[in-house]
Amino acid sequence: MNMAGNHVSIQIRKFIFDKFPLARKQQIKDSDPLLESGVLDSLGVLDLVTFVEQEFSVHVADEELVPENFQTIDRIAAFIETKSST
Amino acid sequence: MTISVRPVHQESDNQEFLTILQANLPSLPHACRFKWLYCDNPDGPAWSWFALQGSPEQVIGVTSVFPRSMWIAGKLKMCGQVGDFAVSASHRSLGPAVLLQRATFDPVNKGELAFCYDCPPHQAGMSTFRRLGIQANCKIHRYALPVRVDSQLRKRLGAASVVPAAAGNLLLRLHRLSAPKTNAKDLEVSDHQGTFGEEFSQLDETVKGPNTIRGCRSAALLNWRYRDNPLQQYEILTARRKGELIAFAVLRITDEVVTIVDLFGTKLHEAAFSLVAAIVERFQRSHQTVDAFLSERTELVTCFLKMRFQLRSEAAQVVAYAKPQSGVSEFLQMNPIWSFNQAEIGA
Chain A
7 MNMAGNHVSI
17 QIRKFIFDKF
27 PLARKQQIKD
37 SDPLLESGVL
47 DSLGVLDLVT
57 FVEQEFSVHV
67 ADEELVPENF
77 QTIDRIAAFI
87 ETKSST
Chain B
1321 MTISVRPVHQ
1331 ESDNQEFLTI
1341 LQANLPSLPH
1351 ACRFKWLYCD
1361 NPDGPAWSWF
1371 ALQGSPEQVI
1381 GVTSVFPRSM
1391 WIAGKLKMCG
1401 QVGDFAVSAS
1411 HRSLGPAVLL
1421 QRATFDPVNK
1431 GELAFCYDCP
1441 PHQAGMSTFR
1451 RLGIQANCKI
1461 HRYALPVRVD
1471 SQLRKRLGAA
1481 SVVPAAAGNL
1491 LLRLHRLSAP
1501 KTNAKDLEVS
1511 DHQGTFGEEF
1521 SQLDETVKGP
1531 NTIRGCRSAA
1541 LLNWRYRDNP
1551 LQQYEILTAR
1561 RKGELIAFAV
1571 LRITDEVVTI
1581 VDLFGTKLHE
1591 AAFSLVAAIV
1601 ERFQRSHQTV
1611 DAFLSERTEL
1621 VTCFLKMRFQ
1631 LRSEAAQVVA
1641 YAKPQSGVSE
1651 FLQMNPIWSF
1661 NQAEIGA
């Protein structure tokens, strides 16, 4: 991951750790699953998507709200990078 | 990987349909209730959709809309209730749920339903609607009337609970007796055995509010919902004046709680008091609590509070979708009264 990607990961991690106590409790790593572990539920994803759209000025379509894009912090960062570059 | 949504064809998809429901909503015996709930509803069969992903396609979610005839401002219209909404745990990333929720709007957009409504019981269930920019139309609250304290005290105090429990039960009884006495003396309350007859359909047609939305309670629907239900048995009480049906109550009875599933009729401000008084009289020695689920801004809320029921919790929100710019959509925006209870939000 490049410098920008790393910066995105840091922001995502900070948001998730600030917002979701279970992430802090489980000391989630960037590659750990967020959905199966229960860190994020549907409301959590909604909050995260709102944060992503506002913070990174990207639009997330309903069809893009899939585990492939929101499963882990790494994947969220990669998704934002892809969106930002298109 | 792309997610797609398609209608469920029960002839060919039934096994997969029941499998995903059972895996994700395990507390319900789906196979036992399928025919009754999805096929035998007098208002018509349900619509269902799968959310699919991958190649070969894997079912990752499911939802259905159950037809419900509703009185909307005094006119009977076919609507739909969203239910059996389930997404596999590994796919609860909101996208599949939003796509499924959009699918439930299809019969409305095609003009087959006046509106469809969902009753999320918790805030997480509101996430798809928040994503779609749709707000709740009303809230349903659970009210409870404690009639005994034995069970609670026994759990806390064990054998030492006998005297405090007797005192507590007496205090609860005194508290209830201090409520205003407004039950009409000329109303006769009795058990209703057997099926619902035509008089119930007639009662349903006489109760009309110009600014109200409520479920239809025709005899056919009542028989299907309460007499043909394979999972649950109900007790019915009627209130009559000189033999004429004025109101009725439907009760679900468990070990400790009596739930008033439905309470409906004319002159409810007096009939409700008579029916609830009869319910309390009957169950005050055997049960701990009488529960009721009531939507906000209805006359029943005032009645129940006068009868010493206490507001306990938010039970559900009602979120409705009508075709944009339709007459129904405009009516919904006028903040009508949703006269809902457990009958409208349950199966």
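Chains as they are written, first to last, in our numbering: chain A, 7 to 92; chain B, 1321 to 1667.
Backbone N, C-alpha and C define an ideal beta-carbon position, used for all residues, glycine too.
| Asked | Found |
| --- | --- |
| Where H1607 of chain B falls: helix, strand or coil (DSSP) | coil |
| C-beta neighbour in chain B for E59 of chain A, strict 8 angstroms | no |
| T1322 of chain B (DSSP reduced to helix, strand or coil) | coil |
| Pick from B:I1657, B:S1649, B:A1642, B:A1635 that is closest to I1665 of chain B, judged by C-alpha positions | B:A1635 |
| Proximal chain A residues relative to A1444 of chain B, where beta-carbon distance stays under 9 angstroms | D47, S48, L49, G50 |
| Cβ of L71 of chain A within 8 angstroms of any chain B Cβ | yes |
| Residue span of the beta strand (DSSP E) that contains V1638 of chain B, given as start and end | 1630 to 1642 |
| Inter-residue spacing [alpha-carbon to alpha-carbon] between Q1662 of chain B and I1573 of chain B | 14 angstroms |
| Segment contact flag, the segment 1588 to 1604 of chain B with the segment 1534 to 1542 of chain B, C-beta cutoff 8 angstroms, min 3 pairs | no |
| Any alpha helix (DSSP H) of 4 or more consecutive residues that is wholly inside the segment 1342 to 1376 of chain B | 1350 to 1354 |
| Bounding residues of the alpha helix (DSSP H) (the contiguous stretch that carries G1647 of chain B) | 1647 to 1653 |
| Nearest neighbour of T5 of chain A, chosen from A:E74, A:L40, A:F21, A:Q33 [CA to CA] | Shown here, chain A extends from 7 to 92; a query on residue 5 of chain A therefore has no answer. |
| Identity of the residue in B:Y1358, B:V1577, B:G1415, B:V1467 nearest E1601 of chain B by Cα | B:V1467 |
| Distance CB(K1626 of chain B)-CB(A1499 of chain B) smaller than 8 angstroms | yes |
| C-beta neighbour in chain A for S1649 of chain B, strict 8 angstroms | no |
| CB contact below 8 angstroms: R1412 of chain B versus chain A | yes |
| Residues of the segment 1413 to 1427 of chain B whose Cβ lies closer than 9 angstroms to any Cβ of chain A, in chain order | S1413, L1414, G1415, P1416, A1417, V1418, L1419, R1422 |
| Under 8 angstroms from the C-beta of D24 of chain A: neighbouring residues of chain B | Within 8 angstroms Cβ-Cβ: nothing; D24 of chain A doesn't reach chain B, min ~19 angstroms. |
| Presumed contact (8 angstroms Cβ cut-off) between C1436 of chain B and C1399 of chain B, rounded CB distance | 6 angstroms |
| Residue from B:R1353, B:R1605, B:I1380, B:V1581 whose Cα sits closest to the Cα of V1328 of chain B | B:I1380 |
| Runs of alpha helix (DSSP H) lying entirely within the segment 1414 to 1460 of chain B, each at least 4 residues, in chain order | 1415 to 1423, 1426 to 1429, 1447 to 1452 |
| Short CB-CB distance (under 8 angstroms) between F76 of chain A and chain B | yes |
| Buried versus exposed call for D24 of chain A [16 or more other C-beta atoms within 10 Å across all chains shown] | exposed |
| DSSP bridge partner residues for Y1714 of chain B (one or two, in chain order) | Given a span of 1321 to 1667 for chain B in the structure shown, any question on residue 1714 of chain B remains unanswerable. |
| Contact with chain B by L28 of chain A, beta-carbon distance below 8 angstroms | no |
| Those runs of the beta strand (DSSP E) which lie wholly inside the segment 1527 to 1583 of chain B and span at least 3 residues | 1532 to 1535, 1555 to 1561, 1564 to 1573 |
| Contact with chain C by R1450 of chain B, beta-carbon distance below 8 angstroms | This model lacks chain C altogether, as its protein chains are A and B. |
| Inter-residue CB distance, P1484 of chain B and L1494 of chain B (contact presumed, cutoff 8 angstroms) | Between L1494 of chain B and P1484 of chain B the Cβ distance is about 15 angstroms, and since that is not below 8 angstroms, they are no contact. |
| C-beta neighbour in chain A for I1323 of chain B, strict 8 angstroms | yes |
| A1636 of chain B at chain A interface by Cβ criterion, 8 angstroms | no |
| Proximity winner among B:H1512, B:I1580, B:P1530, relative to P1547 of chain B (alpha-carbon distances) | Strictly speaking, residue 1547 of chain B in this sequence is Arg, with Pro absent from that position. Minimum Cα distance to R1547 of chain B is reached at B:H1512. |
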